[in-house]
Structure formats: structure tokens, C-alpha cells
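A.B. asks: Quick note: the sequence shown uses our numbering, first residue 30, plus one each step.
Sharing a structure here in C-alpha cells format.
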Amino acid sequence: MVTSDAFYFIVNPASNTGRLKKKWPKLEPQLKELSNKRGFEYEWKYTDAPLHAMKLTEKAEEIGYKNIVAVGGDGVANEIGNYILQNERNLTMGLMPMGTSNDLHTTVDLPKDEEKCFDILVDGNIDIVPVGKVTGDFADNPHYFLNHSDCGLSSLAAQGARDGWKLLKGETKYTFYALKKLARFKRNQAEVTIDGETKNYDLTVIAVSFGEWMAGYKLWPGNSIQQSVDEGNFGLAIAYGQSRPRLLKLMLDAEKGKHIGKKGVEYLRAKKVDIHLERPWPFEAEGEIYTEKSKEISFEYVPHALKLIIPKQIPINIDNNE
Numbered sequence: 030m031v032t033s034d035a036f037y038f039i040v041n042p043a044s045n046t047g048r049l050k051k052k053w054p055k056l057e058p059q060l061k062e063l064s065n066k067r068g069f070e071y072e073w074k075y076t077d078a079p080l081h082a083m084k085l086t087e088k089a090e091e092i093g094y095k096n097i098v099a100v101g102g103d104g105v106a107n108e109i110g111n112y113i114l115q116n117e118r119n120l121t122m123g124l125m126p127m128g129t130s131n132d133l134h135t136t137v138d139l140p141k142d143e144e145k146c147f148d149i150l151v152d153g154n155i156d157i158v159p160v161g162k163v164t165g166d167f168a169d170n171p172h173y174f175l176n177h178s179d180c181g182l183s184s185l186a187a188q189g190a191r192d193g194w195k196l197l198k199g200e201t202k203y204t205f206y207a208l209k210k211l212a213r214f215k216r217n218q219a220e221v222t223i224d225g226e227t228k229n230y231d232l233t234v235i236a237v238s239f240g241e242w243m244a245g246y247k248l249w250p251g252n253s254i255q256q257s258v259d260e261g262n263f264g265l266a267i268a269y270g271q272s273r274p275r276l277l278k279l280m281l282d283a284e285k286g287k288h289i290g291k292k293g294v295e296y297l298r299a300k301k302v303d304i305h306l307e308r309p310w311p312f313e314a315e316g317e318i319y320t321e322k323s324k325e326i327s328f329e330y331v332p333h334a335l336k337l338i339i340p341k342q343i344p345i346n347i348d349n350n351e
């Protein structure tokens with residue numbers, strides 16, 4: 030029988046441009062040594078296809094595991110989180126940041142050192158963190174994001190990176206396809222309602238997040254999950270009305286978070302964002318496309334949603350009894 034402190038590790042071997050498949054067999058003995066020393070059980074499985082992490086989480090729950098660890102990048106964490114949230118399961122998620130961007134892991138201040146992350150799984154705090162809920166004109170909704178979600182040039186780049194040239198990897202691949210999409214990019218007319226107030230935009234990008242980073246771009250400088258908890262909202266970035274040359278300059282500025290305050294850029298806080306597009310666009314969360322073509326989408330802040338193991342020294346101030 031599986032004990033309550035046992036861990037089920039779901040490992041995405043394709044993470045970090047495929048390097049994790051070679052690295053994990055070298056790390057797993059460290060995990061085994063720690064489990065023998067601290068007296069906990071564990072099991073691990075590789076994912077072998079998109080959405081496989083959701084199926085493995087279901088299998089782990091059936092066996093009796095309560096602690097599910099996402100080993101890889103933001104995508105595998107998103108899949109595990111969506112299984113838990115969509116099915117309202119009482120499971121706790123842990124994270125091992127071994128992808129390329131690791132935006133979610135940065136948001137909750139996890140170290141990149143694997144040994145320290147193993148220790149955090151055993152000794153860290155379990156906090157109940159907020160998430161974002163996405164509804165709209167797409168199948169399998171609601172969908173949830175743990176760090177960020179967006180549409181526009183950014184989601185077109187993510188779609189291109191998913192379908193495109195396999196020799197390019199990680200953030201370099203994302204930037205390459207952002208530039209490629211930029212060459213033929215057309216802005217989209219959008220009606221956007223932010224906490225009940227409606228405005229019209231000649232839209233380039235609209236993105237929401239609990240942290241600062243997305244695929245190597247500091248899109249929400251100063252944003253933090255603690256601020257979201259304190260205020261009951263998430264960061265909202267909107268870019269609109271830019272020509273292609275200005276968009277290129279804006280991309281360069283966004284790498285260091287210097288785009289805020291520039292013409293055609295708004296940075297706001299919001300609890301709910303309703304988007305109506307004239308033309309359908311793909312939408313993505315944590316680098317994964319969850320709808321290929323949508324015109325009607327809503328992002329909504331959900332408090333106290335997901336049990337997450339985080340470092341003990343940086344507890345998120347949440348009343349876990351709520």
C-alpha cells in the first residue's frame with residue numbers, strides 16, 4: 030500500500046531539448062539514496078506523448094499516490110495541474126525545474142540545483158496557490174494555467190515552434206518563430222473587458238501571468254505570485270497598434286522588461302479578462318497550445334486552487350484553511 034508521503038515522479042524525457050532523457054538516469058540514484066535515508070517511497074515514469082502526463086497522474090492516483098512531481102519544463106507541470114484542477118482531485122504537486130525556460134519554477138522561486146529540489150520535496154511547505162481558469166469557444170474547457178496564458182504574436186510563435194523545424198530548440202526556437210510570424214503578422218481587432226470595463230484594441234498580444242517571465246522574455250516586470258495572492262488578481266500585459274518595425278524593437282525591449290511604458294503597451298492588474306476577437310487566434314498556456322483557433326476566451330483568477338510544494342524559506346501568505 031502506498032504511504033501518504035510517497036512521491037510519483039512524471040518525467041518528460043523531451044524536456045531541455047531532449048537532454049533530460051540522458052540526465053534523469055544519472056539523477057535517479059540520488060533520489061533513491063534520499064528515499065532510503067528519509068524513509069519515503071517513490072516511483073517514476075516517462076511521458077511518451079502530449080497529454081500523457083495527465084494519464085499518468087490518473088494512474089498514480091488510482092495506485093494511491095497523493096504527491097505528484099512534474100520533472101521537466103512548464104508543459105508537463107501544466108498537464109499534471111490540469112488533471113488535478115479539471116477533476117477536482119485532492120493531490121499535491123511538486124516541481125523539478127529541468128526544462129528550457131522553467132517560467133513557473135522561477136515564479137515560485139525554485140532553485141535550479143536538482144539536489145536542492147529533491148530536498149524541497151521532502152522538507153518544503155505545501156501552500157495552496159492561485160491559478161488561472163480559461164473558458165471559451167474551445168473543447169475540453171475549462172483549461173487552467175499555472176503561470177501564464179496568452180494569444181497573439183506570442184501564441185502564433187508557440188504554435189510555430191511546436192510544428193516547426195526540430196533542429197531549433199528552447200527559447201531560441203521560440204524567438205525564431207516569433208520573428209518568422211512577425212514577417213506576415215496582422216493585428217486583430219479585439220473587444221476586451223477587464224473586470225467589467227470594456228475597451229477596443231488593435232491587438233498584437235494579450236497575456237496574463239502570476240510571474241515575470243515567458244519563454245525568455247520579461248513580459249511582466251515586478252509581477253509576483255505574492256502580489257496576486259495579496260490583491261486577488263494577476264498581471265495583464267496588452268500590446269496593440271504597433272507596426273512590424275516597432276514590434277521588433279518591442280521584442281528586444283521585452284527581453285529585459287524595458288517595454289513597459291512604451292507607446293502601445295499597457296500593464297494592468299485584473300481578476301477577470303473577457304476577450305472577443307474579430308479573427309480566431311491560437312491560445313497557449315505554459316508554452317502549450319490548448320486551442321488552435323478561438324475568438325471568445327475568458328481568463329479568470331482562481332484563489333486557493335492548487336496544493337504546491339515550495340521552498341520553506343519563501344512561504345506564500347495564504348490561509349490554507351480557506
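We put the beta carbon where it would ideally sit given N, CA and C, even for glycine.
Apart from the five residues on each side of it in sequence, which residues of its chain come closer than 8 Å, Cβ to Cβ, to residue 22?
C.D. replies: The structure shown does not extend to residue 22, since the chain is modelled only from 30 through 351, so no value can be given for it.
A.B. asks: Span of the alpha helix (DSSP H) holding residue 160?
C.D. replies: Careful: residue 160 lies outside any alpha helix (DSSP H), inside the beta strand (DSSP E) at 154-165.
A.B. asks: Helix, strand or coil: which one does DSSP assign to residue 253?
C.D. replies: Coil, per DSSP.
A.B. asks: Please name the residue or residues paired with residue 220 in a DSSP beta bridge.
C.D. replies: DSSP output for residue 220 lists 229 and 305 as bridge partner(s).
A.B. asks: How long is the line joining the alpha carbons of residue 101 and residue 284, rounded to whole angstroms?
C.D. replies: Each residue's Cα considered, the two are about 23 Å apart.
A.B. asks: Here's a check: name, in chain order, each residue in its chain whose Cβ is nearer than 6 Å to the Cβ of residue 309, leaving out the five neighbours to either side.
C.D. replies: Cβ within range, chain order: 322, 323 and 324.
A.B. asks: Rank 50, 67 and 90 by C-alpha distance to the C-alpha of residue 30 and give the top, closest one.
C.D. replies: Minimum Cα distance to residue 30 is reached at 90.
A.B. asks: Do residue 39 and residue 188 come within 7 Å of each other at the CB atom, strictly closer than that value?
C.D. replies: For residue 188 and residue 39, no; Cβs fall outside 7 Å.
A.B. asks: Going by the DSSP bridge assignment, what does residue 297 pair with across the sheet?
C.D. replies: Residue 297 pairs with 265.
A.B. asks: Could you give the distance in angstroms between the alpha-carbon of residue 353 and the alpha-carbon of residue 51?
C.D. replies: Here the chain has residues from 30 to 351 only, and residue 353 is not among them.
A.B. asks: Please classify residue 187: does DSSP put it in a helix, a strand, or coil?
C.D. replies: Residue 187: helix per DSSP, three-state reduction.
A.B. asks: Helix, strand or coil: which one does DSSP assign to residue 33?
C.D. replies: Of the three classes helix, strand and coil, the one that applies to residue 33 here is coil, per DSSP.
A.B. asks: By Cβ distance, which residues of its chain are closer than 7 Å to residue 271, with the 5 residues on each side in sequence left out?
C.D. replies: Answer for residue 271: 233, 279 and 293, listed in chain order.
A.B. asks: Just to check, is the beta-carbon of residue 228 closer than 6 Å to a non-hydrogen atom of the ligand HEM?
C.D. replies: Because no ligand of any kind appears in the structure shown, any question about the ligand HEM cannot be addressed here.
A.B. asks: Does the beta-carbon distance from residue 150 to residue 123 come in below 7 Å?
C.D. replies: Yes; because the gap between Cβ atoms is below 7 Å, this pair is in contact.
A.B. asks: Run through the DSSP bridge pairs and tell me what residue 336 is partnered with.
C.D. replies: DSSP output for residue 336 lists 121 and 157 as bridge partner(s).
A.B. asks: Classify residue 153: buried if its beta carbon has 16 or more other beta carbons within 10 angstroms, exposed otherwise.
C.D. replies: Per the 10 Å Cβ criterion, buried.
A.B. asks: Does DSSP put residue 127 in a helix, in a strand, or in coil?
C.D. replies: Coil at residue 127, not helix or strand.
A.B. asks: With a CB to CB cut of under 8 Å and the five nearest residues on each side skipped, what residues in its chain are close to residue 59?
C.D. replies: Result list for residue 59: 143, 144 and 147, in chain order.
A.B. asks: Alpha carbon to alpha carbon, what distance is there between residue 84 and residue 110?
C.D. replies: Approximately 12 Å between the Cα atoms of the pair.
A.B. asks: Given a cut-off of 7 Å, decide if residue 178 and residue 311 are closer than it, judged by their beta-carbon atoms.
C.D. replies: Not in contact: residue 311 and residue 178 (Cβ atoms no closer than 7 Å).
A.B. asks: Can you check which of these residues, 33, 164 and 45, is closest to residue 201 by C-alpha distance?
C.D. replies: Nearest C-alpha to residue 201: 45.
A.B. asks: Would residue 230 and residue 269 be called neighbours here (beta carbons separated by less than 7 Å)?
C.D. replies: Against a cut-off of 7 Å, the Cβ pair of residue 269 and residue 230 comes out as a contact.
A.B. asks: Taking the alpha-carbon positions, what's the residue 203 to residue 209 distance?
C.D. replies: Taking the straight line joining both Cα atoms gives about 10 Å.
A.B. asks: On the three-pair Cβ rule with 8 Å, is the region 329-343 touching the region 244-251?
C.D. replies: Contact between the region 329-343 and the region 244-251 is absent, because fewer than three Cβ pairs lie under 8 Å.
A.B. asks: Mind reading off the beta-carbon distance from residue 337 to residue 158? Whole number of angstroms is fine, and I expect it under 8 Å.
C.D. replies: Their Cβ separation, rounded to whole angstroms, is 5 Å, which keeps residue 337 and residue 158 in contact under 8 Å.
A.B. asks: Can you check which of these residues, 119, 68 and 275, is closest to residue 216 by C-alpha distance?
C.D. replies: Of the candidates 119, 68 and 275, the one whose C-alpha sits nearest the C-alpha of residue 216 is 275.
A.B. asks: Report the rounded CA-to-CA distance for residue 352 versus residue 262, giving the unit in angstroms.
C.D. replies: No information on residue 352 is available, as it lies outside the stretch 30 to 351 that the chain covers here.
A.B. asks: Pull up the DSSP beta-bridge partners for residue 328, would you.
C.D. replies: BP columns for residue 328 point to 163 and 302.
A.B. asks: Just how far apart, CA to CA, sit residue 69 and residue 340?
C.D. replies: So the alpha carbons of these two residues sit roughly 19 Å apart.
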